[in-house]
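Engineer: Residue numbering for the sequence shown follows this note's numbering, starting at 650 and increasing by one per position.
In this text, a Cβ means the ideal position worked out from N, Cα and C, and glycines have one as well.
From a predicted model like this one, the values you see are computed outputs, not experimental measurements.
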Amino acid sequence: MEVFSFIHPDHQPNSYAFKELIQKKSKKLTYHIAKHWQFPQSILDALALQVKLTNVSMLPALFSKRPMACYVYEGNIISKLIILFEHNDKTEVELR
Numbered sequence: 650m651e652v653f654s655f656i657h658p659d660h661q662p663n664s665y666a667f668k669e670l671i672q673k674k675s676k677k678l679t680y681h682i683a684k685h686w687q688f689p690q691s692i693l694d695a696l697a698l699q700v701k702l703t704n705v706s707m708l709p710a711l712f713s714k715r716p717m718a719c720y721v722y723e724g725n726i727i728s729k730l731i732i733l734f735e736h737n738d739k740t741e742v743e744l745r
């Protein structure tokens, strides 16, 4: 809920400022929602690592210890690519 203290109360959820803030804080927000919903610790650990994962090159070293975190990270990338493709922001060739 701390995230929402940075947004003026008059800003609507569809405003640019709101969307930008949610995008920046999405990994932490996802973790805290999952924690509130009492997800299993293995899932919470994988979500907590998402904040620390900043580059795909970090995945090989992490995979043997935390494969779930790697799968979540890759799934997030795939989701973003699908959205770009579906909204015609990128062509299939550009995404390869």
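1. With a CB to CB cut of under 8 Å and the five nearest residues on each side skipped, what residues in its chain are close to residue 717?
2. Express the C-alpha separation of residue 736 and residue 720 in angstroms, rounding to a whole number.
3. So, under 8 Å CB-CB, residue 700 and residue 714 are touching, yes? Tell me the CB distance rounded to an integer number of Å.
4. Quick one: grab the DSSP three-state call for residue 725.
5. Once DSSP output is grouped into helix, strand and coil, what is the label at residue 736?
6. Tell me whether residue 687 sits in a helix, a strand or coil according to DSSP, three-state version.
7. By how many angstroms is the C-alpha of residue 704 removed from the C-alpha of residue 730?
8. How would you call residue 665, buried or exposed, if buried means at least 16 neighbouring beta carbons within 10 angstroms?
Structural biologist: Short version:
1. Hits under 8 Å: 691, 692, 694, 695.
2. Counting only the Cα atoms, residue 736 lies some 24 Å from residue 720.
3. Contact flag wrong, Cβ pair sits at about 17 Å.
4. Look at residue 725 here: in three-state DSSP terms it is helix.
5. DSSP, reduced to helix, strand and coil, places residue 736 outside both helices and strands of the structure shown, so it counts as coil.
6. Assigned with DSSP and collapsed to three states, residue 687 falls in coil, not helix or strand.
7. The alpha-carbon atoms of residue 730 and residue 704 are separated by roughly 16 Å.
8. Label assigned to residue 665: exposed.
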